[in-house]
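Reading through the structure tokens given below for one structure.
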């Protein structure tokens, strides 16, 4: 019967096919459980690290409390779906919760915006003193208060001058001998001209032949009276100032600029400004002068902008806010990044770069920045065009880096790489006295990779810090047990324990 079964060709082919499928499954499927078992073994061997949220430098191999602040330790997330040990992996939920946003770095035309503050002032070149050109007594002031508008040729005051009366009499007397002695006539006439009498006033005197006792002082410019120096009845000498008049048809805006602003300011630059007293109106002018001397007290210098003021809207002492947009042409080939992307750490400036091809993985990078412009900073070194950096939520990413023991703004890559492998552990070790303390700590420090070891006779705990890449807690406990002290996992040999001094014997005798 068996011979009949195997003599069937279809049955033979079916058995061979099933056997081939079984071998294929066995051959190709065997790698998956092996790899899976390997990962499970690796995870079992890798120790669980615990850290403190307030003190990320604390690393413990067991859960407990922080030795610094006594907070409960949290589990350190060292694993991530990437191979770069310096990268920070964040889930999509964590990115959304921290409001992390990124921007692609690119070349732009940087424009630095300077904000300047200043005041409106009168043009010093258009300020004049109205003086009396002949001595006398002021009989009447025709301009009585500061701020009054005067026009060129307007009467300012009436002055009684005995010397002017004598000069008029001399001119009238020389009129008789004008033809025979023209030199005397011209000398008398020139004397009145020197006292700023106009040709019309002199002609009126010659035609009337009468001496006037009072003469007017005429304005020689148009403007606003900014100061009144005399009162009616005052006696003034020749050249004494009666009024100060300022022509406000053309004014200055005097801005204050700091030392750091100087490289971006130059004559001829356009300045747009607003006046606090005139909201909604925009003005503009050009820089015509930059003070060459810095004020030693305020550490600023004056920048002058000249503008026309035909309507008289701009008045001296009004507050002004100016904006200067300086083109940074010499940095045209440099990258620009937003201000919010840069984390300052004293001398270092760092940003977080999103790793290409990996989702939500960021790595810190130190950069060299140049001048600040309107929206951020110019990057001199450290970034390439097309890279994506964190522009919002950088502090949240940095906090995650610190908790995971990765390089962060608080420490450089070298410092972090050293502290990243340092582990704190608190081990139970038996002992009694100071001799035990010295013996236990010396034995622990003798292990390669141990950086510190402190034992307490009260708590019977040995607090050690060690490099997990060079040693582990078992090796440390073995070294301590070797010198005669029982630990949590290893017991000291009896012959070694019996040779300890009497004060160091901690085992209870039966």
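Residue numbers (my numbering): 151 to 660.
Note that CB positions come from ideal geometry on N, CA and C, so glycine has one too.
One question on the structure: do residue i and residue j come within less than 8 Å of each other, judged by their Cβ atoms?
i	j	result
residue 631	residue 241	no
residue 200	residue 224	yes
residue 449	residue 502	no
residue 590	residue 605	yes
residue 264	residue 476	yes
residue 349	residue 310	no
residue 528	residue 495	no
residue 472	residue 414	no
residue 456	residue 430	no
Judging by CA-CA distance, which residue of the options is the nearest neighbour of residue i?
i	options	result
residue 530	484, 443, 572, 616	484
residue 623	286, 317, 262, 577	577
residue 398	368, 273, 308	273
residue 297	581, 376, 254	376
residue 369	404, 396, 362	396
residue 554	540, 390, 635, 572	572
residue 597	587, 627, 610	627
residue 312	326, 278, 361	361
residue 672	474, 488, 549	Since the first residue shown for the chain is 151 and the last is 660, residue 672 is missing from the structure and cannot be characterised.
residue 412	437, 279, 392	437
residue 294	382, 582, 612, 431	382
residue 150	515, 586, 645, 588	Outside the shown range of the chain, which is 151 to 660, sits residue 150, and nothing can be said about it.
residue 629	657, 302, 595	595
residue 378	286, 291, 314	291
residue 394	400, 371, 387	371
residue 452	459, 458, 444	444
residue 285	245, 392, 279	392
residue 117	214, 168, 253	Outside the shown range of the chain (151 to 660) lies residue 117, about which nothing can therefore be said.
residue 244	620, 464, 593, 549	549
residue 580	526, 614, 535, 641	641
residue 464	214, 271, 213, 255	271
residue 422	442, 454, 410	454
residue 535	211, 258, 210	258
residue 389	373, 345, 429	345
residue 480	260, 599, 600, 213	260
residue 587	645, 308, 608	608
residue 308	621, 380, 620	380
Apart from the five residues just before and just after residue i, which ones in its own chain have a Cβ nearer than 8 Å to its Cβ?
i	result
residue 191	Annotation note: pLDDT 38 at residue 191 (below 50); position unreliable, coordinate value reported separately. Same-chain partners within the cutoff: there are none.
residue 547	238, 240, 248, 250, 502, 512, 540
residue 202	208, 216, 218, 219, 221, 223, 224
residue 325	335, 356, 359
residue 301	369, 372
Drop a sphere of 10 angstroms on the beta-carbon of residue i, count the other beta-carbons inside from all chains shown, and report buried for 16 or more, exposed for fewer.
i	result
residue 446	exposed
residue 426	exposed
residue 317	buried
residue 635	buried
residue 402	buried
residue 651	exposed
residue 305	exposed
residue 267	exposed
residue 462	exposed
residue 559	buried
residue 204	exposed
residue 183	Because the pLDDT at residue 183 is just 45, under 50, the model does not fix this residue reliably, and the value given afterwards should be weighed accordingly. Counting Cβ neighbours within 10 Å, residue 183 comes out exposed, since fewer than 16 surround it.
residue 566	At residue 566, the pLDDT of 47 sits below 50, so the modelled position is not reliable and the matter cannot be decided from this model.
residue 255	buried
residue 327	exposed
residue 115	Because residue 115 is not part of the residues shown, which for the chain are 151 to 660, the question remains open.
residue 643	exposed
residue 482	exposed
residue 280	buried
Excluding sequence positions up to five away, which residues of its chain have a Cβ less than 6 Å from the Cβ of residue i?
i	result
residue 649	none
residue 499	492, 517, 519
residue 229	Confidence at residue 229 is low in this model, with a pLDDT of 48, below 50, so its placement is unreliable and no value can be given for it.
residue 262	414, 476, 478, 523
residue 384	288
residue 277	396
residue 458	400
residue 320	338
residue 441	451, 452
residue 647	634
residue 551	238, 558
Is residue i near the ligand COA, in the sense that its beta carbon is under 7 Å from a heavy atom of that ligand?
i	result
residue 220	Because no ligand of any kind appears in the structure shown, any question about the ligand COA cannot be addressed here.
Quick one: residues in its chain with C-beta nearer than 7 Å to the C-beta of residue i, no 5 flanking neighbours on either side, listed in chain order?
i	result
residue 352	339, 342
residue 585	651, 653, 654
residue 532	515, 516, 517, 518
residue 432	422, 424
residue 656	580, 581, 582
Using 8 Å as the threshold, is the segment 467 to 476 in touch with the segment 505 to 519, meaning 3 or more CB pairs across them?
-> No: fewer than three Cβ pairs fall under 8 Å.
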